[in-house]
Amino acid sequence: MPSLQHHALLINDSQRWRVDPTFDDPAYMSWTTEGGMMKPNGTEQTRAVAERIRDMADKYRDLGVPVFIICYAFDDEDHTNANGGLYMVEYKPERGDIMVRKEEMSPFLHSDVGGKNIDTVLRQRGIKTLSVAGFHASLCITDLTLDALDKKYEVRLLEDCIGENDPHPEFAVPRALEHLEKNGALRVTSIEDLVHLHNLREQESVPVFDY
C-alpha cells in the first residue's frame, strides 16, 4: 500500500553552471560551433525549470519527504560563489536533505552518500517511490529512471520539473519522457504529485478501528 513514508524526491544535476544562462565562470562554459566563442551551458528554459524545482522542493520538505540532491562528484559546494553559489536548487541539510555525489550519469551505477550507494540508502529508509526532477531529460534523467525501474522502484516523473539543454526542449523533453513512460515510469505534474502525497498523509492520519 502506498505510504508517504516510502516516498522520496530526487533532484538531479541542478548545479548553476549547468542550468543558469548567466553563469559565466570560464571553467564551466562550453565552446560554441560558431567561431569558438564560449557560452554558458544553461538556457532560459533550464533556468525556469530550475526555479520551479526550487520553489516546489520546499513543499515536499514541508510534507516530510526526504529530498536527495544529486550532482557529479567533481563538483564541490564550496568550489565557487559565482552568481550566488553553485546550486540553483538549494541544498538544505537542516531540513533533512541528502547530498548524493555520483560518478556516472545514473547515481545507481556509482554514487556516494556518506560512504554508501544511493540504492542502499533508499532501501534502508524504506523508500519505494521516487519523484524525479532535474536535468537533462535525454541523458541523466533517462539513465537514472531506467536504473530505478530496473531496481523495482516506482518512478513518478515530474514533467514540469524536468529540463533539457537543447535548442528545442519543447520536443526533446516530451520525447524522452514518452520513452520512459513506455518503460514503466509514471508522468505527472508536480502539483498532481503533491496532491497525491497530501492525500496519502490524510489517509494515514485517519484512525483505523478494529471492531
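Every number in my numbering is 858 more than the matching position in the sequence shown, counting from 1. Virtual Cβ for every residue (Gly too), placed ideally from N, Cα, C.
Buried/exposed call for residue i, threshold 16 Cβ in 10 Å
{"i": "E1028", "result": "exposed"}
{"i": "K1009", "result": "exposed"}
{"i": "E1017", "result": "buried"}
{"i": "Y945", "result": "buried"}
{"i": "Q903", "result": "buried"}
{"i": "D878", "result": "buried"}
{"i": "T978", "result": "exposed"}
{"i": "K1040", "result": "exposed"}
{"i": "A931", "result": "exposed"}
{"i": "G954", "result": "exposed"}
Residue range of the alpha helix (DSSP H) that includes residue i
{"i": "I1049", "result": "1048-1063"}
{"i": "K1040", "result": "1027-1040"}
{"i": "A915", "result": "902-920"}
{"i": "V877", "result": "874-877"}
Close beta carbons around residue i, own chain, < 6 Å, minus the five adjacent residues each side
{"i": "S964", "result": "D1001, L1002, D1005"}
{"i": "V923", "result": "H865, L867"}
{"i": "D916", "result": "none"}
{"i": "H994", "result": "E1022, N1023"}
{"i": "A1034", "result": "A995, S996, T1000"}
{"i": "F966", "result": "D977, D1005"}
Beta-carbon proximity of residue i to residue j, cut-off 9 Å
{"i": "L1007", "j": "R1045", "result": "no"}
{"i": "L862", "j": "L1055", "result": "yes"}
{"i": "F881", "j": "P860", "result": "no"}
{"i": "R910", "j": "S872", "result": "no"}
{"i": "V971", "j": "I956", "result": "yes"}
{"i": "I1121", "j": "G992", "result": "Lying outside 859 to 1069, the shown extent of the chain, residue 1121 is not represented and no answer is given."}
{"i": "M914", "j": "S1063", "result": "no"}
{"i": "N870", "j": "V990", "result": "yes"}
{"i": "I976", "j": "K950", "result": "no"}
{"i": "L988", "j": "L997", "result": "no"}
Cutoff 7 Å; reference residue i; Cβ partners in own chain excluding five residues on either side
{"i": "Y918", "result": "L867, V925"}
{"i": "A1043", "result": "T1003, L1007, V1013, L1015"}
{"i": "C1019", "result": "V907, R910, I911, M914, A991, S1048"}
{"i": "R905", "result": "V877, D878, P879"}
{"i": "T901", "result": "P879, N1023"}
Extent of the continuous beta strand (DSSP E) run through residue i
{"i": "V1013", "result": "1012-1020"}
{"i": "H864", "result": "First-last for H864: undefined, no H or E at that position."}
{"i": "V925", "result": "925-930"}
Other residues of its chain near residue i: CB distance less than 8 Å, five sequence neighbours each side excluded
{"i": "F1067", "result": "Low confidence applies to F1067: its pLDDT is 43, below 50, so where it sits in the model is not reliable, and the reading given next is rough at best. Excluding residues within five positions, none has a Cβ falling inside 8 Å."}
{"i": "Y1011", "result": "L980, I985, K986, T987, L988"}
{"i": "H968", "result": "K960, E961, E962, N975"}
**Report entry** alpha helix (DSSP H) segments (min. 4 residues) lying fully within the stretch 936-1007
**Finding:** 976-982
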